[in-house]
Amino acid sequence: MTGIDYHHNFNLFFDGLELPRQNRDRTEHMALHSQRGEGFVRRFVPRFDINVVVSDFTFRQDYSMPLVTKTAMVELNYCLQGKREVSVDGVQYEFVPGSCTLQLMNEVGSQFEFQGNESYLMLGIGIPVSTFHHFMEEGGGGRSADFDRILGQASFRVFQETMQPSTAIVLERMLAALQNRSTKNLEIECSTLELLSLGFQSILTEGTSGTTKLSKSDMTKISEARDIMLQRMIDPPSLLELSRLIGMNDNKLKSGFKEMFGTTVFGYLRDIRLEKALHLLQQGNLNVNETSCAVGYSNSSHFSEVFREKYGINPGKLVKQFASSVLMTSKHESNL
């Protein structure tokens, strides 16, 4: 089965949860039956070959759900709350909060396990294989990743990694937009494509190169270093302190970090600070000085300079543009 038939996989999932589904391939809101639990599943179809599914529910008791997919597809899934387990062809997989999972599947049998009285919040993006191949095509006509080549003789393959901070920011913005009934399909599609791009680049381009010289232990330590920098974004440790915290030579940390994340330790920190700053400024609650301090810049002039280098706009101008758009919106609403 090919093309748009991939919608059927999602419908089987909704039916397995006993949701009151009305449409086969359209945007809709489905509430969990009160006897089963509380919460909902919302499906968004910004275009015919993209399904976005937000699952936000709690079961009253443990719930086990079998599912047999009927056609090949690719799914990118973000687990934000609640640990769940899925068994595929007898192999157990675990999805924990803060993880990003890329799944490539043919016709496979699976078993979903949900724990009672545990809150689940997940966002999944599903696309057919033809769309995946379209996204993987390069300017020269080649294809950076091929569904059949990745899957090989298997019927299911999964890649999982810790969610990147840049992804978390896009995801947070998207979830907020999806709660707004006036959000247009164009906006949903743009955010979805951004998440797909980040996920495919991180997992398929960087995560499967097979050329790393780092041991699994080294990669764990470097990931720990990354987490420490994120936790201490406002007051980060020096490189020497960071290397002592994770028990690794500072030179090895520098080279290994560059190999894993494509940039230096402090280059990575700068990018995350600026992405967070952009998100704060777009919310419109903080001015430039407050935003600068919130992301760890003590000098607002220096902050404005590096922000402008990254985004091509002065943060002060961004604040004014936001304030102007809010004012125009309120005037429009008052005239209605």
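The sequence shown begins at 313 in the numbering used here and counts up one residue at a time. Quick reminder that beta carbons are idealized off the backbone N, C-alpha and C, glycines included.
A Cβ-Cβ distance of about 13 Å is found for the pair S509 and M486, leaving them out of contact under the 8 Å criterion. With a cutoff of 7 Å on beta-carbon distance, G428 and R372 are scored as near each other. Separation of G402 and F468 (C-alpha to C-alpha, rounded to the nearest whole angstrom) is 11 Å. Using a C-beta cut-off of 8 Å, the region 462–479 makes contact with the region 583–600, since at least three inter-stretch Cβ pairs fall below that distance. Counted as a single uninterrupted DSSP element, the alpha helix (DSSP H) harbouring G579 occupies residues 577–595.
Residue pairing for H341: DSSP places it in a beta bridge opposite R354. With at least 16 other beta carbons inside 10 angstroms of its own, E387 counts as buried.
One thing to note: A537 has its Cβ no nearer than 7 Å to the Cβ of L552. A straight-line Cα-Cα distance of about 14 Å links Q404 and L379.
A distance of 7 Å or more separates the beta carbons of T381 and V408.
Counting other Cβ atoms within 10 Å of its Cβ, R355 reaches 16 or more and is therefore classed as buried. With respect to R333, F322 sits apart: the two C-beta atoms are not nearer than 7 Å.
Out of E449, F447, S411, T383, the CA that lies nearest to the CA of G394 is found in S411. With contacts defined as CB atoms closer than 7 Å, H341 and E330 fail to qualify as a contacting pair.
Under the three-state reduction of DSSP output, Q465 falls in the coil class, being neither helix nor strand. Listed in chain order, the beta strand (DSSP E) elements of length 3 or more contained wholly in the region 400–462 are 403–407, 411–417, 421–426, 431–440. Rounded to the nearest whole angstrom, the CA to CA distance from R359 to K629 is 34 Å. Within the same chain, Cβ atoms closer than 6 Å to the Cβ of A384 are found at N418, V441, the five residues on either side in sequence being excluded. Less than 7 Å separates the beta-carbon of P627 from that of V600.
Secondary structure at S555: helix, using DSSP grouped into helix, strand and coil. In terms of Cβ geometry, G351 and T370 form a close pair [threshold 7 Å].
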